[in-house]
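Numbering (the working numbering), first residue to last: 2 to 555. The beta-carbon is built from N, C-alpha and C at its ideal position, and this holds for glycine as well.
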Amino acid sequence: MTTAAQLQRSSSASEVPPHADVVVIGAGFGGMSALYRFRQLGLSLFGFEQGTDVGGTWYWNRYPGARCDVESVDYCYSFSRELLGEWQWSERFSTQPEILDYAGYVADRFDLRRDIKFETKVVSSRYDEAANLWTVTTDKGESITCQYLVTTVGCLSVPKDPEFEGLENFKGEWVQTGAWPKQGVDWAGKNVIVVGTGSSAIQTIPEVAKTAGHLSVFQRTANYTVPAYNGPLPDHRREEVFADYPAYLEMLKHTRGGQTFELGTDLSAADFSHEEQRERLEQAWQLGRWNLQSCFRDITINENTNRMVADFFAAKVRETVKDPATAEKLIPSGYPLGTKRLCLDSDYFETFNRDNVDLIDINEEPIVRITESGLQTDKQEYPADLIIFAIGFDAMTGPLVNLGIEGRGGQSLKQAWQDGPECYLGIAAPGFPNLFMVNGPSSVSVLSNMILTLEHHIDWIADCIEAMRGKGRDTIEARDDATHEWAAHTEMVANRTLFPKANSWYMGANVEGKPRMFLAYIGGFDNYVAKFDAVAANDFEGFDLTTSKVEERA
Ligand code: NAP
2 MTTAAQLQRS
12 SSASEVPPHA
22 DVVVIGAGFG
32 GMSALYRFRQ
42 LGLSLFGFEQ
52 GTDVGGTWYW
62 NRYPGARCDV
72 ESVDYCYSFS
82 RELLGEWQWS
92 ERFSTQPEIL
102 DYAGYVADRF
112 DLRRDIKFET
122 KVVSSRYDEA
132 ANLWTVTTDK
142 GESITCQYLV
152 TTVGCLSVPK
162 DPEFEGLENF
172 KGEWVQTGAW
182 PKQGVDWAGK
192 NVIVVGTGSS
202 AIQTIPEVAK
212 TAGHLSVFQR
222 TANYTVPAYN
232 GPLPDHRREE
242 VFADYPAYLE
252 MLKHTRGGQT
262 FELGTDLSAA
272 DFSHEEQRER
282 LEQAWQLGRW
292 NLQSCFRDIT
302 INENTNRMVA
312 DFFAAKVRET
322 VKDPATAEKL
332 IPSGYPLGTK
342 RLCLDSDYFE
352 TFNRDNVDLI
362 DINEEPIVRI
372 TESGLQTDKQ
382 EYPADLIIFA
392 IGFDAMTGPL
402 VNLGIEGRGG
412 QSLKQAWQDG
422 PECYLGIAAP
432 GFPNLFMVNG
442 PSSVSVLSNM
452 ILTLEHHIDW
462 IADCIEAMRG
472 KGRDTIEARD
482 DATHEWAAHT
492 EMVANRTLFP
502 KANSWYMGAN
512 VEGKPRMFLA
522 YIGGFDNYVA
532 KFDAVAANDF
542 EGFDLTTSKV
552 EERA
C-alpha cells in the first residue's frame, strides 16, 4: 500500500487560462472526480477552490470528533480499481484527518491539482448568449470563459452565521464547526459552550467534554442519535465488501441509499409479531449505523411504526443517562424519528453523565444575548472562554446562489429560485444552458452515499457531453415542463413520507425566510439512477439539445 506521505504533493495551477472547455467550481470530492473524469474525454479543464487544498467538506469541518457517518469502505471513490486496492482505512468510520489524507492522496495520485487554482473564490458566472459561453470571474479579478460550467460546491458548505445579539463584544474565542480554524482550537481546562445539537455538535460534544473545564450544551431540539460502534470493520462486512470490491460498489448504486444495512427489509413493522419487533429493534441498536431506521420498511411513512421505534429509542436514552431530568430533555419530541438525519455518535448520551457537562434546553431558558464573558439566558449568565456554534448550514441552495450565477437574459439563479429551487433531476435549470449542478437541489445526494451520488452525476455529465459532441450539439438546457414535473414529482414522493413533518434543513426550515419545501429526492438512489439512464436513452428527454448559431457559423 502506498501512503499519502509517500506521494509527493502535486503542484497546483498558478495562472488562470483565458478559456477551458469545462470550468469546475469546488475541489471537494465532487470537483476531484469531475477533473479526473473530464480529462478522460480529452477536454480542457480548469478548477477553482476557496480552500488552500482539496477536500471540500472534509477540509472545512475540522471540528473535534468529526467522522463520516457512512462506513469508509462505502464512502470512497469507485472510479479506479487501482485506488481501491491501494488505500486502506484504519477505522470503520474514518476521522476527518484521515478522509482529508485520502483526498490529498487521490489528488497526488492522479495529479489533479495541476488544473486547480486554490484560495480563489468565484464571485460571478455569467452566460453570454451570443457567444454561448460562460464567463467565470474570481475574487482576484481573474476571469475565464468556458463552454460547460460544472458546480461541485457541496450541499452543506455555507455555515449559518451565528446571529446572536452581543457576539461582537464577546472577549473569548468563538468558532463554527463548519468553518473550524485550520490552526486548531484549544479548549483544555476552559469553560466551553456548544450551541446546537445536530450531527456536528453530537460529534463535537463528547470530544470537547473529555478535557474542557466545564461544558454547557445549549439545545433547541433534541436529536435522534445511535451509537456508531466505531472500530475495525466487522468481519461480516469485510467479507461482503472485499470479496469483489468494485462489484460491491457498483451494487451500491442500485440500492436505495447507496449503502446496505444488515436489517434492511421490505417488510413493515406489522409483518412482525410484537416479540419479533422488540428483537429487531434491539438487534438494530446493537448493530448501529442506520439499522434502526431500516429495520422496518415503513418507519418513515407510518406514524405508528415510527412512534414504536421512537419509544424504544427513548427507553435507551433513559437507560443511559443517569439524571432523569436530563434524560427527558434529551429525548426528542415533536417530529418523527429519521425525518432529521439520524446521527451516529460515540458516547453522546454518556457524556451527559459527566460532572463537567450540563444541558440547557433553550425552550425553557431562552438565550437572551452573548455577553463579554459568556452567554446570558433569561435565568442566568453562563461564563465562557470558548463558544462553539454548531448551528447548521444554508443547505442545498446556499452554496449555489452564492456563486453569482446569471443565465439567459441576465437572470440570476437567486432570482430564479426565490420561491424555491426547481432543478431538473437535481442537476440543471431552465435558463441556464450548459450549467451542470452536481448534487443540486432535488437530487438524491444527501439522502444517499454522497461520493457515489456525485460520481454518478459526473459520469452522466461526461457521457452527455460526449453524446452531444457525437450529435454535433453544443448546448443543453433543461426544459421548463420537465423541470416543473420533476419538482412536482419530488414533492409528491416526499409528501408520501413523514419527512415534511420536521423543521429540518431538508425542508429549508432552518434558515429564516427560506421557502419551505423538500430539497432532495427521496425516491431512492436506485430509482434515481434508473431515471437518469432512461433520460439518456431517450435522447436526453426533458432537455433541449441544440446547436448554437456560433457553431453553425463556424
Ligand atoms: P444541523 O443538523 O442543522 O444542526 C444544527 C443544530 O443547531 C440544531 O440542533 C439546531 O436546532 C441548532 N440551532 C440552529 N440555529 C440555532 C439557534 N439560532 N439557536 C440555537 N440552536 C440553533 O447542522 P449540523 O449538525 O452541522 O449537521 C448538518 C448536516 O451535515 C447533517 O444532517 C449531516 O447531513 C451532515 N453532517 C454529517 C456528519 C457526518 O457524516 N458524520 C457530521 C456532521 C454533519 P433545531 O434542530 O431546532 O433547528
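Could you tell me which of Arg298, Ser158, Glu283, Gly27 sits nearest to phenylalanine 314, measuring between CA atoms?
-> Glu283
First and last residue of the beta strand (DSSP E) that includes tryptophan 175?
-> 174 to 177
Could you tell me whether the segment 228 to 239 touches the segment 342 to 357, using the rule of 3 or more Cβ pairs below 8 Å?
-> yes
Take the Cβ of lysine 118 as the centre, count every other Cβ of all protein chains shown within 10 Å, and call the residue buried at 16 or more, exposed below.
-> buried
To the nearest whole angstrom, what separates the beta carbons of proline 431 and alanine 479, a pair I think is in contact under 8 Å?
-> 5 Å
Cysteine 147 in three-state terms, based on DSSP | strand
On the DSSP bridge assignment, give the partners of tyrosine 128 in chain order.
-> Trp135
Return the residue from the list Leu168, Ile194, Phe47 that minimises the CA-CA distance to valine 123.
-> Phe47
Alpha carbon to alpha carbon, how far is tryptophan 22 from threonine 146?
-> Reading off the sequence shown, one finds aspartate at residue 22, where the question assumed tryptophan. Rounded to whole angstroms, aspartate 22 to threonine 146 spans 8 Å at the Cα level.
Report the rounded CA-to-CA distance for valine 557 versus phenylalanine 30, giving the unit in angstroms.
-> The shown model of the chain, from 2 to 555, leaves out residue 557, and the question about it has no answer.
Keeping to the same chain, check which residues put their C-beta closer than 8 Å to that of glutamate 166; ignore five residues upstream and five downstream.
-> Val369, Arg370, Ile371
Which ranges would you report for the alpha helix (DSSP H) in the segment 334 to 414 if only whole runs of at least 4 residues count?
-> 349 to 352, 399 to 402
N- and C-terminal bounds of the alpha helix (DSSP H) containing glycine 48 = Not the alpha helix (DSSP H): glycine 48 falls in the beta strand (DSSP E), residues 46 to 49.
Between the Cα of proline 337 and those of Ala223, Arg257, Gly232, spot the shortest distance and give me the residue it belongs to.
-> Ala223
Own chain partners of tryptophan 291 with C-beta closer than 7 Å, once the 5 adjacent residues on each side are dropped = Phe262, Leu343
How many angstroms separate the CA atom of threonine 378 from the CA atom of phenylalanine 533?
-> 51 Å
Nearest CA to the CA of threonine 547: which residue from Gly471, Leu331, Val530?
-> Gly471
In its own chain, which residues sit with a C-beta less than 6 Å from the C-beta of aspartate 112, not counting the 5 before and 5 after it?
-> Ser11
Inside the segment 453 to 501 only - beta strand (DSSP E) runs reaching at least 3 residues = 476 to 479
Classify glutamine 260 as helix, strand or coil using the three-state DSSP reduction.
-> coil
Distance cut-off 7 Å: cysteine 77 Cβ against heavy atoms of the ligand NAP | no
For leucine 436, write down the residues that DSSP places opposite it in a beta bridge.
-> Leu150
Lysine 380 burial status per 10 Å Cβ neighbour count (16 or more: buried) | exposed
Should alanine 391 be counted as a contact of the ligand NAP given a C-beta to heavy atom distance under 7 Å?
-> yes
Output the distance between the C-alpha atoms of arginine 554 and asparagine 133, rounded to the nearest integer angstrom.
-> Below a pLDDT of 50, predicted positions are generally treated as unreliable, and arginine 554, at 47, falls in that range; the measurement from the model is reported next regardless. Their backbone Cα atoms lie some 13 Å apart in a straight line.
Which residues in the same chain as proline 367 place their Cβ atom closer than 8 Å to its Cβ, once the five residues preceding and following it in sequence are excluded?
-> Thr378, Asp379
3-residue-minimum beta strand (DSSP E) runs that sit fully inside the segment 52 to 132, ordered along the chain = 123 to 129
Residues bridged to alanine 429 [DSSP beta-bridge criterion] = Tyr425
How long is the line joining the alpha carbons of tyrosine 60 and valine 159, rounded to whole angstroms?
-> 13 Å
Looking only at its own chain, which residues have a Cβ that is under 8 Å from the Cβ of arginine 409, when we skip the five neighbours before and after it?
-> Tyr128, Glu130, Gly432, Phe433, Pro434
For serine 449, verify whether its CB is less than 7 Å away from any heavy atom of the ligand NAP.
-> no
For proline 333, which option in Arg308, Glu351, Lys323, Asn354 has the closest C-alpha, if you only look at C-alpha atoms?
-> Arg308
Secondary structure at aspartate 299, three-state DSSP: helix, strand or coil?
-> coil
In terms of alpha-carbon separation, which member of Ala14, Lys341, Val530 lies closest to threonine 53?
-> Ala14
Assign leucine 268 to buried or exposed, taking buried as 16 or more other Cβ atoms, counted over all protein chains shown, within 10 Å of its Cβ.
-> exposed
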